[in-house]
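Residues 3 to 230 in the numbering used here are what the sequence shown lists, from first letter to last. Glycine included, every Cβ here is placed at the ideal spot set by N, Cα and C.
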Amino acid sequence: MTIIDTAELTKTYNGRGGCRGITLQVPEGCIFGLLGPNGAGKSTFVKMLAGLHRPDSGRAAVLGRPLGQPEARRKLGYLPELFRFQEWLTAAEVLRFHGRLGGLSPRETRASAFRNRIRDTLELVGLSDAADRKVGGFSKGMQQRLGLAAALLLEPELLILDEPASALDPVGRYEVRRLLKRLRDKGVTIFLNTHLLEDVEELCDEAAFLYGGELLASGPLHKLLGGT
Ligand code: ADP
Ligand code: ADP
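Below, the structure is given as structure tokens:
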């Protein structure tokens with residue numbers, strides 16, 4: 003099944019920047035890398051997929067539904083390039099709040115099942131020890147891990163990650179890559195924005211190259227990298 007399907011998708015900022023005419027298919031169950039330098043249009047593209055930007059033109063279906071439908075959004079985890087939150091909350095509180103944003107009731111987010119889910123998710127991203135610390139004191143890398151936890155919290159079928167490891171050191175990057183492979187092996191489809199060819203080589207089954215707002219190529223990695 004195709005989990006992301008776009009045709010000539012376009013969004014510019016008053017006619018400049020953004021991305022233009024993006025036609026792309028992402029098969030279910032893979033890690034798909036959107037590779038391009040800063041300013042290529044990667045964030046603009048995924049913001050449309052996540053329902054945060056309305057396209058100027060073109061069509062797109064995510065999880066089999068047109069953009070922005072609530073049913074599809076609940077199955078989608080999105081990590082923005084900059085994950086912002088209230089700095090006086092603890093990491094666990096940020097995730098509980100995130101559960102509310104994701105449509106859970108106050109009662110559901112107080113239930114022990116959800117509290118366990120928060121604990122497990124923080125463990126997945128290596129933040130177990132920081133669960134009850136205020137996020138105002140978090141390093142950039144910790145903030146990024148917390149953002150990843152928020153994206154993972156409601157067990158999405160599709161994860162859209164905008165440069166998920168940009169603030170991490172090499173060990174952190176390695177851990178995030180390992181986590182993403184584990185999720186992929188459990189059946190989660192992952193769409194990843196990155197400016198690092200290394201991320202694509204290490205992680206991705208398929209990729210696309212974006213430059214100056216336009217798609218240069220897309221397909222299985224062995225084809226893109228010049229294999230057979
Ligand atoms: P990337 O994620 O690949 O770095 P972006 O999607 O953030 O690329 O940006 C693509 C282009 O659109 C850039 O030229 C950028 O300056 C421009 N752009 C992005 N966001 C805005 C905005 N809010 N207003 C105006 N221009 C923007
Ligand atoms: P948000 O960060 O709330 O999603 P936007 O999608 O409008 O807001 O913009 C994304 C980010 O891109 C903003 O922080 C904006 O400052 C930045 N940006 C990048 N390039 C430009 C540009 N050329 N003009 C204005 N903003 C830009």
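- In this structure, DSSP gives Lys-188 a state outside helix and strand, which the three-state scheme calls coil.
- Taking 9 Å as the cut-off, the Cβ atoms of Arg-147 and Leu-129 count as close.
- Of the candidates Gly-17, Arg-98, Val-28 and Glu-10, Val-28 places its Cα closest to the Cα of Ser-220.
- Restricting attention to Leu-36, Arg-61 and Leu-54, the CA atom closest to the CA of Thr-12 is found in Arg-61.
- Note on Ser-141: under 16 other CB atoms within 10 angstroms of its CB, so exposed under the neighbour-count rule.
- Taking every protein chain shown into account, the CB of His-224 has fewer than 16 other CB atoms within 10 angstroms, so this residue is exposed.
- Cβ contact annotation for Ala-113 (same chain, cutoff 6 Å, sequence separation greater than five): none.
- Here Gly-43 is near Leu-212, since their CB atoms are less than 9 Å apart.
- Boundaries of the alpha helix (DSSP H) harbouring Asp-122: 114-126, taken from the DSSP string.
- Its chain contains Leu-36, Tyr-80, Ile-162, Asp-164, Phe-193 and Asn-195 as the residues whose beta carbon lies nearer than 8 Å to that of Val-48, once the 5 sequence neighbours on both sides are disregarded; these appear in chain order.
- Across the structure, Glu-208 and Leu-155 are spaced so that their CA atoms are roughly 25 Å apart.
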